[in-house]
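Residue numbers (the working numbering), protein chains in the order written: chain A, 1 to 572; chain B, 573 to 1144.
A short write-up of the structure that comes next.
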């Protein structure tokens, strides 16, 4: 098996002799097992969903052009599992996108599934569970793609650190889910801790105690000590920062050090300098810092909550100037991240993100525009989120299988609405908050250019509108603009077509809109959804499909789609 | 669908006009959904696995000859599920036995499975989850089969009560399982509560407090108040008692009232009278009580732990003589159940269980005898249980499917050992405690008579040997005898062939043996295992198969077996 793969690669190399990078591209093989272990991410012992016993899961490090060939074995007792490779486009391998009920059947206990796909763009990515709320159980890790040999990043740095940010609940995902499914809903509340690389400090005001040299904050295990970044003075470091939080939007700041943002979601951006930066769930950034401060001191890195009144202590890490001891406490307090509801500050950061010169520009016109209204709703007394008044329900047969094999009845064939009523007041709670569930999907003409207006609205409660970071699978998109209130046709004239950033995740601000453009040129079925785990669970997502008839059905691994209506019925 | 079933029954009735009961037999239809809900079985709020929102699940009440036709929908988020109908023989419907990886594939989330089977013998049965440790999560309920119309029970009673006994942990089954799978093992410990019909009182010494009229024992919800059995004086009541505990062996006693045992596991027994009775997990009994005590008082019913040093308070119910108030406290203390390790007392009870006259007798000779040594073992440092040094591992393709379709490689084809070394000292820890795992199965000649000697042994620790209640699927068996120490050939001469009780569950006492006989005449694949949930999880079971080639493969629902190696490979 392994031999065969190597030979194929060898042939591919001969065939593409002209290409410099193709022959250096490797197949990176992994054998992973997903299972629960006991862990203490924030010093409270809980179950965490781990990979090969590790939490967070192992970091994958590859180069552009490499193929990841990963056998994933499910060693959970009774639960299915999948893993989504967040930010990887999966061109030609839509069955490897790792979305249960969309691109594949959940992998049953003791079964394996082979994820084989190419990484075709350098950047900071990550992976995570995409079934039920398994991401919130700890099923995630980093995926870093370096430029190909002989290529160079368009900025200089001496070394780098990787910071994967997450939030952590003490209630199991089963309790969280049952709460969300209850009537009335039992909201999961705020996370108990924020984690940096899987480490946090529950109920322990490090900021106060460590600084005063108090020992009231005991770490019962190494697992929850603050992360230390050991640096040398007068060097430049790249920090790769990604957020896979279940709920929390974050802000990150480093005492005394400015940060220069150079990458967002695996795309280079026009460098800009900030004191603190926002990171929404599903986003990734690279920032450069220069260690030009007083080298006799160490410095705090703080991560705090944005967009929701926080009830979670900040996560802290230490920038340790060598040769200082890593346990030497910084002279100054940890930077205080901005007030949670200072949206002007957040917008100011987000609006600065623009494409680096040389980034592909969007097509000048869209073939189709759809508007997606995000609302909080009721369904028979249950709380839901809906898009154009449709709350997403997933089918038992993955769309990729049912669309490729034209299985009738596997999902609602009625196209979902492409707009919402003209008289809907996005500044007020809905007059009629009732919604419906559906499995329907947006099917776009292959290779067409699509504009999506993400329209935020008021939630069920007066004067409440939340932040939602939307993530698109299978594509990057250009962010054309943001605005306040309801999107109006004239707003399109102000779209940035010159240097809009390419992203895979973008935020809509409270009561505002965000416009994006993408080319529907990747045959497959792709989730587009709010990356807040409980919001997706409550229906806040849509399904995009394009060119599925261009997918060679014989290439789709049967394991990926042999469930639901495709069990022994439609497959050859 | 429903129409079709009714017509079939009608035709069946016409065809079998001569049979009185057949035409009164009904198809009882049920639509069930399994999912988690919040519940407070012992006044601590936890997740419980419920059916249609109920915990315990709904009681099924049927008559002999009825067909249960039950659509089970899995509404769990990410977990599979199955339900086993404990004590139902499933003749002709081995795919409806509800054992994951043995008789069927786990039912995936949002999928349904149709359990359709006949109940052919009156008695006290129950049903429960048989995948992972889902039984311990609360997935169980009662199944009562009455004699057919026109038939009579062989004893008189005025009314009846049903008591389903269980134990309850505050740690989730996920935590319990990970603990058992850890190296070194984290033992799950003793249950926090014992439950009667899903109700218990955690950390609340009712015995002490209620009797003294203290109000220190608050019930925060109706859900955990003691069960009240409202009786009239001078009547005879049938108590149906079944135990679906995860771990605890139980003893039940009623203040001032003797009990006459009349049924065990759906088989009538020679009536005998006791002050208290043992019930092991997987067993069911009917006892008669006569309400001939002072009618101005109420009386306690107590359930306590046997066989393990208990760390769980007793469960209590109140026998309420009408017209006394149900909240009037009994004059006397709750009966104290026997000391946990008074094995002489337990044996005395068990040895009294003999078949009622008229019960079918066993064939006089066995065609084959196998001895199954029960040992606690180590496997790479993990703690396991093994039978003849094989710790049961379940395959991903259910045996019923792989055997019926002759799929190579789905399980270990090497027959498991039918005996154990002559020099094995059952009174001492094993000299070499290492074991191995296997998916192998005992395949018996169809219609042969098989004797099984269940041989207990010392556990890993000196002077420790535990009680194990063994449950056989698909059959009743005759209990031929019990003994101390290692079974010897001459013990067979003392087998009771005159009136051995028919059971589906039988206990082996510490350091002892139990002999049973059954006829392998039910085509299918059947689990035979210790009914203690964590013991089964740790490998304490075997697989019996017989006459699988007599199963009509076209009758096996594809849903039952289309997983593992049978996905789109071998099914027509």
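Cβ coordinates follow ideal geometry from the N, Cα and C atoms, glycine included.
- DSSP places residue 565 of chain A within a helical segment (H, G or I) once states are collapsed to three.
- For residue 68 of chain A and residue 81 of chain A, the gap between their C-alpha atoms comes out near 19 Å.
- Between the region 355 to 365 of chain A and the region 498 to 506 of chain A there are three or more C-beta pairs closer than 8 Å, enough to call the two in contact.
- Taking CB atoms only, residue 133 of chain A has a neighbour in chain B less than 9 Å away.
- CA-CA distance, residue 173 of chain A to residue 564 of chain A, rounds to 24 Å.
- The three-state secondary structure of residue 349 of chain A, taken from DSSP, is helix.
- Shortest Cα-Cα distance from residue 1047 of chain B to any of B/976, B/1089, B/1025 involves B/1089.
- Nearest to residue 1028 of chain B by C-alpha distance, out of B/872, B/1080, B/1021, is B/1080.
- Its chain contains 646, 647, 648, 649, 650, 651, 652 as the residues whose beta carbon lies nearer than 8 Å to that of residue 681 of chain B, once the 5 sequence neighbours on both sides are disregarded; these appear in chain order.
- Residue contact with chain B for residue 562 of chain A: present (Cβ-Cβ distance below 9 Å to some residue of chain B).
- By the C-beta criterion, the region 957 to 977 of chain B is judged to be in contact with the region 1100 to 1115 of chain B, since at least 3 inter-stretch pairs fall below 8 Å.
- Take the alpha-carbon of residue 596 of chain B and the one of residue 662 of chain B: they are about 20 Å apart.
- By the CB criterion at 9 Å, residue 735 of chain B and residue 811 of chain B fall inside the cutoff.
- Between residue 233 of chain A and residue 199 of chain A, the C-beta spacing is not below 9 Å.
- Shown here, residue 899 of chain B sits in coil according to DSSP, grouped into three states, outside any helix or strand.
- Taken in chain order, the complete beta strand (DSSP E) segments of 3 residues or longer contained in the region 437 to 514 of chain A are 442 to 444, 449 to 455, 468 to 472, 477 to 484, 505 to 508.
- Where residue 974 of chain B is concerned, the enclosing alpha helix (DSSP H) starts and stops at 971 to 976.
- Chain-order list of chain B residues neighbouring residue 108 of chain A: 652, 677, 678, 680, 968, 1135, 1136, by C-beta distance under 9 Å.
- CA-CA distance, residue 343 of chain A to residue 484 of chain A, rounds to 12 Å.
- Per DSSP, the continuous alpha helix (DSSP H) segment holding residue 534 of chain A begins and ends at 533 to 537.
- As the crow flies, the alpha-carbon of residue 949 of chain B is around 49 Å from that of residue 392 of chain A.
- For residue 85 of chain A, DSSP records a beta bridge to A/127.
- Of all C-beta pairs linking the region 971 to 983 of chain B to the region 1109 to 1123 of chain B, three or more are shorter than 8 Å, placing the two stretches in contact.
- Here DSSP, grouped into helix, strand and coil, assigns residue 343 of chain A to helix.
- A direct Cα-to-Cα measurement between residue 129 of chain A and residue 882 of chain B gives close to 41 Å.
- Membership of residue 180 of chain A in any beta strand (DSSP E) is not indicated; the residue belongs instead to the alpha helix (DSSP H) covering 173 to 180.
- Fewer than three beta-carbon pairs drawn from the region 673 to 687 of chain B and the region 708 to 724 of chain B are found closer than 8 Å, and the two stretches are therefore not classed as touching.
- Shown here, residue 1126 of chain B sits in a helix according to DSSP, grouped into three states.
- In the structure shown, the three-state DSSP call for residue 843 of chain B is strand.
- The beta carbon of residue 189 of chain A sits no closer than 9 Å to any beta carbon of chain B.
- Here residue 1062 of chain B is exposed, its C-beta having fewer than 16 other C-beta atoms within 10 Å.
- Put simply, of A/102, A/440, A/107, A/44 the residue whose alpha carbon is nearest the alpha carbon of residue 32 of chain A is A/107.
- Between residue 1007 of chain B and residue 1051 of chain B, the C-beta gap is not smaller than 9 Å, which leaves the two residues out of contact.
- Within chain A, the residues placing a beta-carbon under 8 Å from that of residue 1139 of chain B are 558, 559, 562, 567, 568, ordered along the chain.
- Going by beta carbons, residue 355 of chain A and residue 419 of chain A fall outside the 9 Å limit.
- In this structure the region 166 to 182 of chain A does not touch the region 288 to 298 of chain A; the number of beta carbon pairs closer than 8 Å is below three.
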